[in-house]
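Trainee: Per my numbering, the very first residue in the sequence shown carries number 12; after that it's consecutive. For every residue, glycine included, the Cβ atom is placed at its ideal position computed from N, Cα and C. Before I ask anything, here is the structure I am working with.
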Amino acid sequence: MDNETVTLTAGPLLLRPWRQDDIPALLAAYDDPSMRHWLRTQVSGAADAERWIEAQREGWVSGSRLSFAVTDTARGGELVGNLALKRPVPGAESAEAGYWTSAAARGRGVASRALGALTDWAFGTFAGEGLRRLELLHQVDNAASCRVAEKSGYALAEVVPALPPEYPLDGHRHVRHAPRASREALMPAAGRRAGSAGTAGGPATLR
Numbered sequence: 012m013d014n015e016t017v018t019l020t021a022g023p024l025l026l027r028p029w030r031q032d033d034i035p036a037l038l039a040a041y042d043d044p045s046m047r048h049w050l051r052t053q054v055s056g057a058a059d060a061e062r063w064i065e066a067q068r069e070g071w072v073s074g075s076r077l078s079f080a081v082t083d084t085a086r087g088g089e090l091v092g093n094l095a096l097k098r099p100v101p102g103a104e105s106a107e108a109g110y111w112t113s114a115a116a117r118g119r120g121v122a123s124r125a126l127g128a129l130t131d132w133a134f135g136t137f138a139g140e141g142l143r144r145l146e147l148l149h150q151v152d153n154a155a156s157c158r159v160a161e162k163s164g165y166a167l168a169e170v171v172p173a174l175p176p177e178y179p180l181d182g183h184r185h186v187r188h189a190p191r192a193s194r195e196a197l198m199p200a201a202g203r204r205a206g207s208a209g210t211a212g213g214p215a216t217l218r
């Protein structure tokens, strides 16, 4: 997929592909104890940052990880977070959403608004390729991520057992299903006619 043409909006938030000139803001975001605590991938210097940016570009090329820098246009384009759609198996029924927000942006509703935009885009873009479900995973003690998931319509589906040493604590798996219209677009015509007789309203991760 061509990452240069994909941008999303959510109020004043602009989600766009990462660029080389984001490196100073990326390093500033990772210079935060909470980021170092919750995220498995660490970025601790210019070389790390360059490799991280390149990995995001490669993710777009392969289609396995579609990541967006989240910026606030009401604050001069300030970098406030990262959103990623992880699709290691193109055409699979499920994919994973992941995110982080910078320290200065927390408490402003950035994560839930950006996640909503990514979710709508993902189902709108990939439903035709079979995407039926988005998952979001976080460590069980990450209460903030749990609130963002639930606020964004990702219902708690299961508790995932810990896998030390990489995952020392249990995790939560939240799930959001594709809207009914997206699911019906994948069904045979006869199935769509039968489904239309019912009522609408289908059911409404990070490391």
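Shortest alpha-carbon distance to T16 belongs to which of P44, G22, V72 and M46?
Mentor: Selected option, being the one with the closest Cα: V72.
Trainee: Could you compute how far the alpha carbon of L197 sits from the alpha carbon of T20?
Mentor: Summary for L197: the model assigns pLDDT 48, below 50, so the residue's position carries little reliability; its value from the coordinates is reported in the next sentence. Taking the straight line from one Cα to the other gives about 27 angstroms.
Trainee: Hey, out of T112, F137 and S113, whose CA is closest to G102's CA?
Mentor: Nearest Cα to G102 within the set T112, F137 and S113: F137.
Trainee: Taking A128 as the reference, give the member of A95, P175 and A154 with the closest Cα.
Mentor: A95
Trainee: What does DSSP give as the partner residue(s) for R86 in the beta ladder?
Mentor: The partner list for R86 (beta bridge, DSSP) is empty, contrary to what the question assumes.
Trainee: Per DSSP, what kind of secondary structure is R98 in: helix, strand or coil?
Mentor: coil
Trainee: Could you give the first and the last residue of the continuous beta strand (DSSP E) run that contains L148?
Mentor: R144 to Q150
Trainee: Between the Cα of A57 and those of V151, R124 and I34, spot the shortest distance and give me the residue it belongs to.
Mentor: If we check each option's Cα against that of A57, I34 comes out closest.
Trainee: Could you tell me the boundaries of the alpha helix (DSSP H) in which S105 lies?
Mentor: It is not in any alpha helix (DSSP H) - S105 instead sits in the beta strand (DSSP E) that spans S105 to T112.
Trainee: Can you find the residues in the same chain that come closer than 7 angstroms, C-beta to C-beta, to V121, ignoring five residues on each side of it along the sequence?
Mentor: L24, V81, V91, G92 and T112
Trainee: How big is the Cα-Cα spacing for L174 and M46?
Mentor: 21 angstroms
Trainee: Any idea which residues DSSP pairs T20 with across the strands?
Mentor: L25
Trainee: Locate the alpha helix (DSSP H) running through V121, then write down its first and last residues.
Mentor: V121 to F137
Trainee: When DSSP builds the beta bridges, which residues end up paired with Y178?
Mentor: L174
Trainee: Using 10 angstroms around the beta-carbon of Q31, count the other beta-carbons present and answer buried if the total reaches 16, otherwise exposed.
Mentor: exposed
Trainee: Taking the straight line between their C-alpha atoms, what separation do you get for G70 and R76?
Mentor: 4 angstroms
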